[in-house]
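Input: a single structure, listed below in structure tokens.
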Amino acid sequence: MNVSHVPLPATVQFAPDYPVETQRLLLRPFSRGDVDAVYSYRSRADVAEYLFDPPMTHEECAEAVRQRIGQIAFSGEGDKLLLAVERKEDQRLVGEVSLIWRSVADAQAELGYILHPDAQGQGLATEAGRALLAFGFEVVGLHRIYARCDARNLASARVMRRLGMVEEAHLREHMQVKGRWDEELIYGIREAEWFAR
Ligand SMILES: CC(C)(COP(=O)(O)OP(=O)(O)OC[C@H]1O[C@@H](n2cnc3c(N)ncnc32)[C@H](O)[C@@H]1OP(=O)(O)O)[C@@H](O)C(=O)NCCC(=O)NCCS
């Protein structure tokens, strides 16, 4: 997919040059044609198992893609980069990766990632996550980036560790999700740790 020029509003403070290219991936803005690809993984019970949201319908995926089309830059607190993860070798959209600007004053952001099961086990979430950490620390100038997962989500915790994140907290039964008490792990990496790598 060629994303040579993405028009951005004048209020934007930080945005990557799209597409963000890694060894095997392009991270790019979502477009209207992505709904079926998103549905192919967000509709699956195995993908949703440890997410806050249950499996999504096609209509919910269409609405999510509509929202994501504009989630490509940081203008202020709460803004999200929500990018499609496209495999270069076959131009297939295999997942999504996100960075949310949680605090401007304290320079903090939250990372997230979801892959289609076909694309798991190859290091692609780590590769995509690393690109967003680079953007956060090297372009935005963030101080700390964290990620959260269900304590049972061992694959996600492994991604965080591969990214150089350190376990900071284990929240015990801190809220109810899908009718059961949720246990959550929080991992984080600080600016100094990123640049020391
Ligand atoms: C969380 C999730 C993205 C992790 O995916 P993943 O494929 O395990 O993670 P990566 O893409 O980093 O791949 C790492 C795995 O690929 C293997 N791998 C194979 N080739 C590799 C390569 N070239 N480079 C790095 N790792 C490679 C690694 O050994 C590792 O396997 P292991 O975890 O069994 O040791 C995936 O499980 C997922 O989408 N789950 C559903 C949604 C979800 O829960 N998202 C997180 C919410 S907090």
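With this note's numbering applied, the sequence shown covers 812 to 1008. Here a beta-carbon is modelled for each residue, glycine too, at the ideal position from N, C-alpha and C. It should be emphasised that the depicted structure is a prediction, and the values quoted were computed from it without experimental measurement.
| query | result |
| --- | --- |
| Is the distance from the Cβ of LEU935 to the Cβ of LEU910 below 7 Å? | no |
| Give a single yes or no on whether ILE880 has its beta carbon closer than 6 Å to a heavy atom of ligand 1. | no |
| Can you tell me which of the three DSSP states LEU974 falls into? | coil |
| Which of helix, strand or coil does DSSP assign to ASP917? | coil |
| Of all the options PRO840, GLU897, GLY975, ALA962, which has the alpha carbon lying nearest to the alpha carbon of GLN774? | Past the boundaries of the shown model lies residue 774; the chain is included only from 812 to 1008, so the question cannot be answered. |
| Give a yes or no on whether the C-beta atoms belonging to SER851 and MET867 are separated by under 7 Å. | no |
| May I ask you to report which of helix, strand or coil DSSP gives PHE1006? | helix |
| Note the first and the last residue of the continuous alpha helix (DSSP H) segment covering ASP857. | 856-859 |
| Do the CB positions of GLU1002 and HIS954 come within less than 7 Å of each other? | yes |
| Ligand 2 heavy atoms versus the CB of ARG969: any closer than 6 Å? | Among the ligands present in this structure, namely ligand 1, ligand 2 is not found. |
| With respect to 6 Å, is the separation between the Cβ of LEU910 and the closest non-hydrogen atom of ligand 1 below this value? | no |
| Relative to the C-alpha of GLY906, which candidate in GLN931, PHE948, ALA962 has its C-alpha closest? | GLN931 |
| List the endpoints of the continuous beta strand (DSSP E) containing ARG1001. | 991-1001 |
| Could you check which residue in GLU874, ILE1000, ILE925 has the C-alpha nearest to that of VAL846? | GLU874 |
| In the structure shown, what three-state DSSP assignment does VAL831 receive? | strand |
| When every heavy atom of ligand 1 is checked, does at least one fall within less than 6 Å of the C-beta of THR1041? | There is simply no residue 1041 to check, as the chain begins at 812 and stops at 1008 in what is shown. |
| Taking buried to mean at least 16 other C-beta atoms within 10 Å of its own C-beta, is LEU965 buried or exposed? | exposed |
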